[in-house]
Amino acid sequence: MSLSPSARRWGRVLTWVIVFALLGALPFSLPAFRVEQIAIWMTLAMAACGLNLLTGYNGQISVGHGALYGAGAYGTAILMVKAGWPMFPAIVVAVIICFFLGIAIGLPALRIKGLYLALVTLAVAVLFPLAIEQFSSLTGGGAGLTITTPSVNRRGAVVDQKIEFGSYGGLQPDQVKYFTVLVIMVLCFVLSRNLVKSRVGRSLVAIRDNETAAAVSGVPVSQVKIITFGLSSAMAGLGGAMYAIANGQVNLTSFTIAVSISLLVAVVVGGAASIVGPAIGAVLLGAFTDFVNLPEGLSGAKPVVLGGILILLMFFAPGGLVGLYKTTMAKRAGRRSSKAGSDPDAPTALVAEPLAG
Amino acid sequence: MNRTRLKRSCAVVLATGVILAGCARSDNSTTSNGSNGTAATGGSTPAGGSTASGPFIDPSTDCKNYKGTAGINGDTIKIGTIRPASGPYAIYDQVTAGVEAYFKAKNASGGIKAGDGKSYKVELVKGDDGYDPGKTLGEAKKLVEQDGVFALDGVIGTEGNLAIRQYLNDGCIPNISLATGSPEWGAADKYPWYISGLPSYATEAHAWAELLKKQKPDAKVALLYQDDDFGKSYQSSFKKAIAGTNIKVIAEQSFNPLSGGTTEAAVTSLSQSGADTFIVGIGGTPCPQTLKFMPATWKPMTFISITCQSKIALSLAGGNDVGVYSAQVTYDPSDPADKGVPAVKQFVTEGQAGGLTQSQIEGGISSAGWGFAALFAKALEGSKTVDRATVMNTLFSLKNASFGLLRDGVTVNTNGSTDPWPVEGFRMVQRTADGWKEVVPVTNYEGQSNSFAVKN
Chain A
73 MSLSPSARRW GRVLTWVIVF ALLGALPFSL PAFRVEQIAI WMTLAMAACG
123 LNLLTGYNGQ ISVGHGALYG AGAYGTAILM VKAGWPMFPA IVVAVIICFF
173 LGIAIGLPAL RIKGLYLALV TLAVAVLFPL AIEQFSSLTG GGAGLTITTP
223 SVNRRGAVVD QKIEFGSYGG LQPDQVKYFT VLVIMVLCFV LSRNLVKSRV
273 GRSLVAIRDN ETAAAVSGVP VSQVKIITFG LSSAMAGLGG AMYAIANGQV
323 NLTSFTIAVS ISLLVAVVVG GAASIVGPAI GAVLLGAFTD FVNLPEGLSG
373 AKPVVLGGIL ILLMFFAPGG LVGLYKTTMA KRAGRRSSKA GSDPDAPTAL
423 VAEPLAG
Chain B
879 MNRTRLKRSC AVVLATGVIL AGCARSDNST TSNGSNGTAA TGGSTPAGGS
929 TASGPFIDPS TDCKNYKGTA GINGDTIKIG TIRPASGPYA IYDQVTAGVE
979 AYFKAKNASG GIKAGDGKSY KVELVKGDDG YDPGKTLGEA KKLVEQDGVF
1029 ALDGVIGTEG NLAIRQYLND GCIPNISLAT GSPEWGAADK YPWYISGLPS
1079 YATEAHAWAE LLKKQKPDAK VALLYQDDDF GKSYQSSFKK AIAGTNIKVI
1129 AEQSFNPLSG GTTEAAVTSL SQSGADTFIV GIGGTPCPQT LKFMPATWKP
1179 MTFISITCQS KIALSLAGGN DVGVYSAQVT YDPSDPADKG VPAVKQFVTE
1229 GQAGGLTQSQ IEGGISSAGW GFAALFAKAL EGSKTVDRAT VMNTLFSLKN
1279 ASFGLLRDGV TVNTNGSTDP WPVEGFRMVQ RTADGWKEVV PVTNYEGQSN
1329 SFAVKN
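So the protein lines, in turn, are chains A and B.
Each position in the first sequence, counted from 1, maps to that position plus 72 in this note's numbering.
Each position in the second sequence, counted from 1, maps to that position plus 878 in this note's numbering.
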């Protein structure tokens, strides 16, 4: 029962077709607020994808990507609310700012590795909400910023209408929001995949696995590491910008250290060093947070349950869910090839690459 | 073998498609609004609003996708509420306990008799936003779109109620008896689906200023305020009320309720300012904590917010609550002076029937929630048909009404957007060891609440 390479490719294509069919059908079978929740998960998936580039593929640990996500969100909100910019320029500039923020963190990060880098990025994540509170005249402080535009309501009064997607072509606003975010998220992932499969991508991994060897082989290590930090931050910032637009408001309570940790969780649960892993992780984490409801007395125990699940997962699937899938496939292929004797079509065993540290 | 796989996959795709087509949602979402797309473009064309002679709300002109009887199932009405059941403001969950107890007691005795002659039982669905306005909108949407509530009642938190205002007003969903008195709720011409259950903080600040003008016309005031719309409304209205007098604010500190910190540093700083008056524009548990942090050497004339008045809250003040001033609207079941009042006795009996414990009944917070639920019942009682618009119109045309534990003498009159505040009367009291001493009898500021606020 071995598969030819073309059949395997068919199988993969079909899997993607099914996935996109499901993704496309969801907004038509769930109530509006659920669709909007899923759109928010997708913005986190974008940020997780960026984090994965940096941590999974390039080996630089960041526990501060929640702050970059927040910087993208607040940057967009501030430009639109305080400076009156229209949406697209605000998003673009916010993402560029995040890119440079990433470079700014990436420069000193050249000198610190591993645990120390994690601590520094942790500090960034903790400082972010405090900085927001400090500059409250710009950021709205504890009350946050609502992205509004003045408009006249049905009673003839001028109100600040929260920025919203209108209904385009028969789609409801929440569905338009969903598909916009979906398209941008897919673009992010496709770009990441192309990057990873290119020569630059190989140099990322080379640096992660053995920096000295990479340097000796002619990889410009410092430049690659800094640019990766910048790109990864830009992607997190893009996720944040989409969050600001999709949510219509930003509050500093949405960008605490918890977000940075959630992003790491998403990457690890989904599978670091795989492109699709962070998306899977973000979706599962989002589903657990928003869709799962514990009975009333236990509602405070949700983080405990999540922690328990994570611990179990790390025992049985240290390479995340994608890693688990790859190992299972490899085992099955190995069993098949040992049964059928030598089989020229048997795939080589794929070993899940654990998160380097 | 390839073909079998292919066939299997196609079958899965087809099956998925069929299932999802069957699950296609009926679009009962109420989030549609008139505005197009993004930034620059304006909104819907105005439909002229309502005239002075017609009802305050007319769903045919004011609403798109109006669902007047959503949440009504036979003789049960489902309503929702949102409160912080976790975090430093979780003390306010006691308010919701009062709301719940009221409906439980009424349900047990046959329901609430509405103006259409039928008796309705009320089912309360509760959401928890942890006092975080970033979460309130999600909770509201869940209540409206998943639980299908008829209205919201007793929702706690100025910022939270602000976060959901546009969503509810666009969907023509009543938000009744908000558990906050932000002056924002005076904008009933713009947001007619909101009516507060508390007096305006601007009116409250005005009452403080009136007392100060009499007792301490040259007061030097230290002001501590929450760094959000709740605290800032006290700050701006108080300053407006003292404009042109000799009362001066000589020191100010703000406090972020979501910071996880305390007001201790701010209080220490203010205590060294030389002020002889202290305004505490803080809510939740941080309010009595603020009183506790006051050094023994600093004895200013202290004012606390109406949201801080309860026995439960003040018991956390370490004894420093004695002597503070506040504007009081309701009877206090723990005050020996109020225990004999018929309304209080009725509350004690019915509260027990509704499941409140003795400490909750005396605590003073649940009685506030009791009042918020009572206002909803009042709306039902006065509505000849029970639908969302009629219920709101009833609330905006109250005449000499009363509800819950409002003190005798506090008048309740509303009139659309000219007088959107049900409660506008206070008496000023000073805290004693176990109750309150009246300093100024009930004064009503009918129709003036919006004039005390600072327009921004």
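For each residue, glycine too, the CB sits at the ideal point set by N, CA and C.
Every value quoted in this text rests on a predicted model; they were computed, and no experiment measured them.
Is residue 1281(B) helix, strand or coil when you go by DSSP? coil
Between the Cα of residue 374(A) and the Cα atoms of 358(A), 115(A) and 389(A), which residue gives the shortest distance? 358(A)
Can you give me the Cβ contacts of residue 969(B) inside the same chain, cut-off strictly under 8 Å, excluding the 5 residues immediately before and after it? 1162, 1163, 1190, 1191 and 1243
Around the Cβ of residue 395(A), are there at least 16 other Cβ atoms within 10 angstroms (buried) or fewer (exposed)? buried
Quick check on the burial criterion: 16 or more other C-beta atoms within 10 angstroms. Buried or exposed for residue 1327(B)? buried
Looking only at its own chain, which residues have a Cβ that is under 6 Å from the Cβ of residue 947(B), when we skip the five neighbours before and after it? 1265
Between residue 1003(B) and residue 1015(B), which are expected to be in contact by the criterion C-beta below 8 Å, what is the C-beta distance as a whole number of angstroms? The Cβ separation is near 16 Å, so there is no contact.
I'd like to know whether the C-beta atoms of residue 1011(B) and residue 1035(B) end up nearer to each other than 8 Å. yes
Runs of alpha helix (DSSP H) lying entirely within the region 307–362 of chain A, each at least 4 residues, in chain order: 329–342
Contact set between the region 937–951 of chain B and chain A, restricted to residues whose Cβ is under 9 Å from the partner: 939, 940, 941 and 942
Along the chain, where does the beta strand (DSSP E) that runs through residue 1316(B) open and close? 1314–1322
Report the option in 1124(B), 1052(B), 1084(B) and 1090(B) whose CA atom is closest to the CA atom of residue 1073(B). 1052(B)
Which value, in whole angstroms, describes the spacing of the CA atoms of residue 245(A) and residue 189(A)? 41 Å
Which of the three DSSP states, helix, strand or coil, is assigned to residue 1188(B)? coil
Check residue 1148(B) in the structure and name its three-state DSSP category. helix
Do residue 1292(B) and residue 1275(B) count as a contact pair if the criterion is CB distance below 8 Å? yes
DSSP state of residue 1254(B), grouped into three classes? helix
On the three-state DSSP scale, how would you describe residue 167(A)? helix
So who's on the other strand from residue 1195(B), going by DSSP bridges? According to DSSP, which records beta bridges pairwise, residue 1195(B) is partnered with nothing at all.
Residue 1213(B), buried or exposed, once every other Cβ within 10 Å from all chains shown has been counted against 16: buried
CB-CB under 6 Å to residue 1106(B), same chain, minus the five flanking residues each way: which ones, in chain order? 1037
Under 8 Å: do the region 1088–1107 of chain B and the region 213–224 of chain A share three or more Cβ pairs, one atom per stretch? yes
Local conformation of residue 1172(B) per DSSP, three classes: coil
Determine the chain A residues that contact residue 1136(B) at a beta-carbon separation under 7 Å, and present them in chain order. 214 and 325
Along the chain, where does the alpha helix (DSSP H) that runs through residue 974(B) open and close? 971–986
Measure from the C-beta of residue 1007(B) to each C-beta in chain A and report whether the shortest distance is under 8 Å. no
If you count every other CB in all the chains shown that lies within 10 Å of the CB of residue 1315(B), and 16 or more means buried, which is it? exposed
Any contact between the region 1159–1179 of chain B and the region 957–971 of chain B? By contact I mean 3 or more CB pairs, one from each, below 8 Å. yes
Less than 8 Å separating the beta-carbons of residue 1206(B) and residue 1305(B)? yes
Does the region 292–299 of chain A come close enough to the region 79–87 of chain A that 3 or more CB-CB pairs lie under 8 Å? no
Compute the beta-carbon to beta-carbon distance between residue 979(B) and residue 1249(B), rounded to the nearest angstrom, for a pair I have assumed lies under 8 Å. No, residue 979(B) and residue 1249(B) are not in contact; Cβ-Cβ is about 12 Å, not under 8 Å.
In angstroms with no decimal places, state the Cα-to-Cα distance between residue 277(A) and residue 123(A). 14 Å
Going by DSSP, what residues sit across from residue 1206(B) in a beta bridge? 1305(B)
Can you list the residues of chain A that residue 1037(B) reaches, using a CB-CB cut of under 9 Å? 214, 215, 216 and 323
Measure the alpha-carbon distance for residue 175(A) versus residue 154(A) and round it to whole angstroms. 26 Å
Suppose contacts are defined by Cβ-Cβ distances below 8 Å. Is residue 1078(B) in contact with residue 1331(B) by that definition? yes
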